[in-house]
Each structure stands twice: as structure tokens, then as C-alpha cells.
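Structure first, commentary second.
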């Protein structure tokens, strides 16, 4: 079973960039509006501790999944880039990563977590709903038609 751990910067920068670029390349929607190159050049940037983090699912040095958290307001954080590599799917890593990030958000003092999910990401939406996310107002820009915004009271 993969160990869920915090990414350590700069040591894990290459691993984080590798899996995030894979996530973007495998996305069925164009994510260029997120200005990823600028964000990637500043890691950990908005994901820096103590109000943010990047979690990695590490299977003996092989990164199988990731998820990140960033501060939106003093009380609200956003879940970003939940991704499990195809070779690791079917082992509930997405749920494990999401639940661990929710724990991290509570420990950081947030009262709410938000996210956006693309209409084509049906399994991801189901996962978010099973851990308690419900429809919420947008907290970030997403121009992709059909995108939904979800929130979870912590």
C-alpha cells in the first residue's frame, strides 16, 4: 500500500511536476486557462505550509497519486489536482488522498474546503460526493462549460 506523505520542496519538485503534467496531459478538457507554467515555476508557492500542502501517494519511491491544498481565505481552502495514475487506480487511492487532505485542512484551521470539477470527471464527482461535498458557490475562475463547484464544511 502506498504511503501518503507531504511533498518536500525542493526535493520532491520533479516528482510533483511529473505527476501534475501527467494529470494535465490526460485531462479530457483543456486546462491552459490555469496558467500552469507560472505556478509550476514557483513551487511550492500557494501550496506552501502552514496553510497549504501537496500530498503524494508514494509506493516505494514511485509516486502513484497526488492532491494539493491552497488557501483561498483565512477560513476556506481549495482542493486541487487530485489525481491517481491509471496503473494505481482501483485501490481507493483517490479517496484516501481526499480524506487525508480533509484532515490536513481541519488541522490547518479551515472551516470549509472547496473545489471545482469538470463535467467529464464523473468518477471524481462521485468520490467528492461520497466524502460529503455538496454544491457551492464558485471561489475560483473556471471557464470550462459544465464545471461544477463543490464545498465541504469541515
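In our numbering, the protein residues as written are 7 to 160. Yeah, the Cβ is synthetic: ideal placement off N, Cα and C, and Gly gets one too.
- For residue 68, the uninterrupted beta strand (DSSP E) segment begins and ends at 68 to 77.
- DSSP places residue 122 within a strand segment (E or B) once states are collapsed to three.
- Between residue 8 and residue 70, the CB-CB gap stays under 9 Å.
- Taking C-beta atoms under 8 Å as the contact rule, residue 61 and residue 85 fail to qualify, at a distance of about 10 Å.
- DSSP, reduced to helix, strand and coil, places residue 52 within a helical segment of the structure shown.
- Comparing C-alpha distances from residue 127 to each of 155, 146 and 112 shows the shortest one belongs to 155.
- The DSSP-derived three-state label of residue 106 is helix.
- Contact between residue 106 and residue 14 does not hold, since their C-beta atoms are separated by about 16 Å, which reaches or exceeds 8 Å.
- Residue burial annotation: residue 76 is buried, with at least 16 other C-beta atoms found within 10 angstroms of its C-beta.
- In this chain, the alpha helix (DSSP H) harbouring residue 43 covers 42 to 47.
- Within 10 angstroms of the beta-carbon of residue 157 lie 16 or more other beta-carbons, which makes it buried.
- In this chain, the alpha helix (DSSP H) harbouring residue 29 covers 19 to 32.
- Taking all protein chains in view, the Cβ of residue 51 is surrounded by fewer than 16 other Cβ atoms within 10 Å, so the residue is classified as exposed.
- Rounded to the nearest angstrom, the gap between the Cα atoms of residue 34 and residue 119 is 24 Å.
- Counted as a single uninterrupted DSSP element, the beta strand (DSSP E) harbouring residue 82 occupies residues 82 to 90.
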